[in-house]
Structures are given as C-alpha cells and as structure tokens.
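Reviewing the structure listed below.
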Amino acid sequence: AQSVTQLDSQVPVFEEAPVELRCNYSSSVSVYLFWYVQYPNQGLQLLLKYLSGSTLVKGINGFEAEFNKSQTSFHLRKPSVHISDTAEYFCAVLKTSYDKVIFGPGTSLSVIP
Amino acid sequence: DVKVTQSSRYLVKRTGEKVFLECVQDMDHENMFWYRQDPGLGLRLIYFSYDVKMKEKGDIPEGYSVSREKKERFSLILESASTNQTSMYLCASGLTGGARSPLHFGNGTRLTVT
C-alpha cells in the first residue's frame, strides 16, 4: 500500500524567509505527485504537480518542488514567504493506474510578521 | 472556473439522526469524491464515484453511504450519525485520467454531532 508522510505538522517561519515543507512517499509503482494548499475556511486547490520529465516543478505563488526518485521525496520550497502563504499544505500521490489520490496528513505553515 | 458547491457550511445534528451532505459540480466531471478531514490525519477518502449510479468504497466507508443519481450531484449519507463522525467533510470532482487534471474541491461542510 502506498502512503504519504509529511514530517512536520507545523512550520513557523518569519516573513521573507525561505521555507521547505517535506514530503516522502512509499510506493512500489510509479506515481504522480501533487501539492495542494488550503487557505483558512476554504477547500483545497492545486499548487503544483509532477507527472514526468524535469524533476523540478514550478507552481503558483512562487512555490516549487523537486522530485527525488531515489529518496522517494517531493519537498516543497519557496525562497521568500509572505503573510498570505499562511495555510495548510498537503502532499498527495496518485497511482498511474488508478484515479484515487492519497493525501498526507498536512503541514500547517504559519508566516510570522 | 470549475465550481464545486457544498450545500451547507456548518451542520449540527444529534446522535442517531440521518444526515445528508450534498455536493454539486458544474464542469461535467466524471469523478466525484467525498473526503473527511481531521487534524493530524489529513484527508481520508470515504467514497468515490466514476459515473452516475456507480460508487466505490474508499478507505473509511463504515457508517457512510453515497448516492449519485445525476452526474453533477454526489450525496454523502450518514445513516445514523455518531459523535465520532464530527469532522470536516470535503467534496471534490475531477476528470477521468485525473493525473493531468487536478481535483477541484468545495469549501467543506463542518459537521458536529452532539
């Protein structure tokens, strides 16, 4: 069975500082990888996705993620965070042969002024 | 823009009541999903549907059922609500072959069972 681990449940960071949110997955088959963001009192929306090709993926709002197959990781990064980035971030995987997305437990990013 | 609408933002129900959570999407998506979101557990899949009148169990289907009579509408039913079903419920829709098309989520229904 596949699973998704997000090692940090909460990440506080000062405004304009860089941030990395970690994600590791376990799967015996190839997967597609996603990061979703949930702003307060809203549903989730797609931040970025890795399907194939370049291992560095750029998303919305200045975020990027790097797929590392040997380490089965898909860490999310932003070089300089804003107050508006305060949200819950979810890493997710999708088996290539199924349409069922598996979500990690989430990381709560708090940007401190 | 795809819109996924959940009929209630907040619901308070009593133990033993039958509860209906409604979800409607306006983009003709084949796939619809019901997730439950709890702190520290992320999103857990309850049920999903690939087409009208079709349904598949997710990871935590116990105590829930679903109905999909029309393509745009996917209902989650709690046959007899219990306090451990107090949670945030999120509906999502997507296209078949969903890797290249993201899931679109509603804003959630926060259900409290007392």
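Read top to bottom, the protein sequences are chains A and B. Here the first sequence stands for residues 1 to 113, numbered as in the numbering used here. Here the second sequence stands for residues 1001 to 1114, numbered as in the numbering used here. Ideal placement from N, C-alpha and C gives every residue a C-beta, glycine not left out. The structure displayed is predicted, hence computed values, not measured ones.
query                                                                                                                           : result
Members of the segment 1039–1056 of chain B that neighbour chain A once the beta carbon cut-off is set at 9 Å                   : 1039, 1040, 1041, 1042, 1043, 1044, 1045, 1048, 1050 and 1056
Supposed contact pair residue 36 (chain A) and residue 21 (chain A) - C-beta distance, whole angstroms, cut 8 Å                 : With 8 Å as the limit, residue 21 (chain A) and residue 36 (chain A) do not qualify as a contact, their Cβ atoms being about 12 Å apart.
Chain-ordered neighbours of residue 1084 (chain B) on chain A, where CB pairs are closer than 9 Å                               : Residues of chain A passing the Cβ test: none, with the nearest at roughly 18 Å.
Other residues of its chain near residue 1066 (chain B): CB distance less than 7 Å, five sequence neighbours each side excluded : 1034, 1047, 1049, 1055, 1074, 1075, 1076 and 1077
C-beta neighbour in chain A for residue 1102 (chain B), strict 8 Å                                                              : yes
Contact set between residue 42 (chain A) and chain B, taken where Cβ atoms lie within less than 9 Å                             : 1105, 1107 and 1108
Cβ of residue 1090 (chain B) within 8 Å of any chain A Cβ                                                                       : yes
Cβ neighbours of residue 1031 (chain B) in the same chain (closer than 8 Å, five flanking residues each side left out)          : 1048, 1049, 1050, 1093, 1094, 1095, 1096 and 1098
Local Cβ density within 10 Å of residue 49 (chain A), reported as buried at 16 or more and exposed below that                   : buried
Residue-chain proximity (residue 46 (chain A), chain B), Cβ-Cβ < 8 Å                                                            : yes
Closer than 8 Å to chain B by CB, residue 100 (chain A)                                                                         : yes
Interface residues of chain B facing residue 104 (chain A) [CB-CB closer than 7 Å]                                              : 1042
Test: residue 9 (chain A) CB closer than 8 Å to a CB of chain B                                                                 : yes
Cα-Cα separation, residue 1003 (chain B) to residue 1087 (chain B)                                                              : 22 Å
Opposing strand residues paired with residue 1094 (chain B) [DSSP bridges]                                                      : B:1031
Cβ of residue 90 (chain A) within 8 Å of any chain B Cβ                                                                         : yes
Spatially closest choice to residue 1102 (chain B) from A:45, A:5, A:52 and A:108, by CA coordinates                            : A:45
Through-space distance from residue 77 (chain A) to residue 110 (chain A), alpha-carbon basis                                   : 14 Å
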